[in-house]
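**Student:**
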Amino acid sequence: MTRNFFTFSLILAFFLFSNSSKAQFGIEVNYGLNGVMNPSITNFSHFGGGILYDFNESFGAKLDFGSDQFRSNGDFFNKETGVNVTRISLQATANISDLIDPTSLYSSFNLSAHAGGGYSFIKSTEYTNADNTANAIIGLTPKIKISQGLYFAIDTSVIINLSQHYGFDGQFTYQGYPNSITGIMYNVTGGIIYKFDEYY
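According to the working numbering, the residues represented by the sequence shown are 279 to 478, in order.
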């Protein structure tokens, strides 16, 4: 499943990269906070990055990855346990500021939105097997322009892991029969975006 999704993403990215004279690509890296509500866990253990592709000033796409750790001192194992989550997602992006006011494109601040889906690999600290799940993601990214093509970005994202079999405390959700759950996590990160050959 991982290989098929990654191959499809590369083929799609190549197709997009080669079919627009006004297109532009870039890269992003970020680090910051991750968390879940059940159980309540908050850590500064998110690392992420991605390849960006703008069709025009308003719309684009990105192929990104994220790595998150969640640790909890739960009663079930009587020690610190949790999961490691590695995610890859293909997302659509939209420059909200430009859609509202095209002149804001030349401003030092703009707001973008992104949404999409992909694959998550979830590994418990207590079990040898792992989850291979689909994910859905949505988020907002305020950006401040530092110099031509270079931006400081703050991203807030919500990620939903579909049919997750391990809780964020590392416990297998088995209650007499296999029990899939929907795992919801969030990221609040700071990072750098660089756009090559920026055309405005």
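Even for Gly, the Cβ is constructed at its ideal location relative to N, Cα and C. Model, not experiment: these values are computed from the prediction.
With a cut-off of 8 Å on the beta carbons, I'd call K421 and I462 a contact; round off their distance for me.
**Tutor:** In the sequence shown, residue 421 corresponds to position 143, counting from 1. In the sequence shown, residue 462 corresponds to position 184, counting from 1. Incorrect: roughly 25 Å between the Cβ atoms, too far for contact.
**Student:** Have a look at H443, G344 and S390 and flag the residue whose alpha-carbon is nearest the alpha-carbon of F337.
**Tutor:** In the sequence shown, counting from the first residue as 1, residue 337 sits at position 59. The candidate whose alpha carbon is nearest that of F337 is S390.
**Student:** Would you check if the distance between the CB atom of R365 and the CB atom of F348 is smaller than 8 Å?
**Tutor:** As a working note, residue 365 is residue 87 in the sequence shown. As a working note, residue 348 is residue 70 in the sequence shown. Taking 8 Å as the Cβ cut-off, R365 and F348 do not qualify as a contacting pair.
**Student:** Output the boundary residues of the beta strand (DSSP E) element that contains S375.
**Tutor:** Working through the sequence shown from its first residue, we reach residue 375 at position 97. First-last for S375: I374 to I378, but that is the alpha helix (DSSP H), not the beta strand (DSSP E).
**Student:** Give me the DSSP bridge partner(s) of H324.
**Tutor:** Numbered from 1 along the sequence shown, position 46 holds the residue referred to as residue 324. Looking at the DSSP assignment, H324 forms a beta bridge with G310.
**Student:** For G445 versus A414, is the C-beta distance shorter than 8 Å?
**Tutor:** Here residue 445 corresponds to residue number 167 of the sequence shown, with the count starting at 1. Here residue 414 corresponds to residue number 136 of the sequence shown, with the count starting at 1. No.
**Student:** Any chance the segment 371-386 sits against the segment 303-318, with 3 or more Cβ pairs inside 8 Å?
**Tutor:** Cβ pair count under 8 Å is below three, so no.
**Student:** Can you tell me which of F325, A408, I432 and G417 puts its alpha carbon nearest to the alpha carbon of F387?
**Tutor:** The residue given as residue 387 occupies position 109 in the sequence shown. Among F325, A408, I432 and G417, the Cα nearest to that of F387 belongs to I432.
**Student:** Is T359 helix, strand or coil when you go by DSSP?
**Tutor:** As a first step, residue 359 is located in the sequence shown; it is residue number 81 there, counting from the start. Three-state result, T359: strand.
**Student:** Can you find the residues in the same chain that come closer than 6 Å, C-beta to C-beta, to I374, ignoring five residues on each side of it along the sequence?
**Tutor:** Residue 374 sits at position 96 when you count from the first residue of the sequence shown. Around I374: L389 and A391.
**Student:** Note down the Cα distance separating L377 from E404, rounded to an integer number of angstroms.
**Tutor:** Working through the sequence shown from its first residue, we reach residue 377 at position 99. Working through the sequence shown from its first residue, we reach residue 404 at position 126. So the two alpha carbons sit approximately 47 Å from each other.
**Student:** Do I416 and Q442 have their C-beta atoms within less than 8 Å of each other?
**Tutor:** Locating residue 416 in the sequence shown gives position 138, where the first residue counts as 1. Locating residue 442 in the sequence shown gives position 164, where the first residue counts as 1. No.
**Student:** Applying the 10 Å Cβ sphere with the 16-neighbour rule, what's the burial state of G468?
**Tutor:** Within the sequence shown, the letter at position 190 stands for residue 468. Exposed is the call here.
**Student:** Ordered along the chain, which non-local residues of its own chain (more than five positions away) have a Cβ less than 8 Å from that of I424?
**Tutor:** Counted from its first residue, the sequence shown places residue 424 at position 146. F430, listed in sequence order.
**Student:** Using only the alpha-carbon positions, how far apart do F474 and A393 sit?
**Tutor:** Numbered from its first residue, the sequence shown carries residue 474 at position 196. Numbered from its first residue, the sequence shown carries residue 393 at position 115. Rounded to whole angstroms, F474 to A393 spans 23 Å at the Cα level.
**Student:** Can you list, in chain order, the residues of its chain with a C-beta nearer than 8 Å to that of K357? Leave out the 5 residues immediately preceding and following it.
**Tutor:** Taking the sequence shown and counting its residues from 1, the one referred to as residue 357 is at position 79. Cβ within range, chain order: N351.
**Student:** Would A339 and A370 qualify as a contact pair, given that the criterion is a beta-carbon distance under 8 Å?
**Tutor:** As a first step, residue 339 is located in the sequence shown; it is residue number 61 there, counting from the start. As a first step, residue 370 is located in the sequence shown; it is residue number 92 there, counting from the start. It is a contact, given that the beta carbons lie within the stated cut-off.
**Student:** Could you name the residues of the same chain whose beta carbon sits closer than 6 Å to that of S345, not counting the 5 residues immediately before and after it, in chain order?
**Tutor:** By 1-based counting over the sequence shown, the position of residue 345 is 67. Once the five neighbours on either side are set aside, the close Cβ partners of S345 are F325 and T364.
**Student:** Is S386 helix, strand or coil by DSSP?
**Tutor:** As a first step, residue 386 is located in the sequence shown; it is residue number 108 there, counting from the start. S386 falls in the coil class under three-state DSSP.
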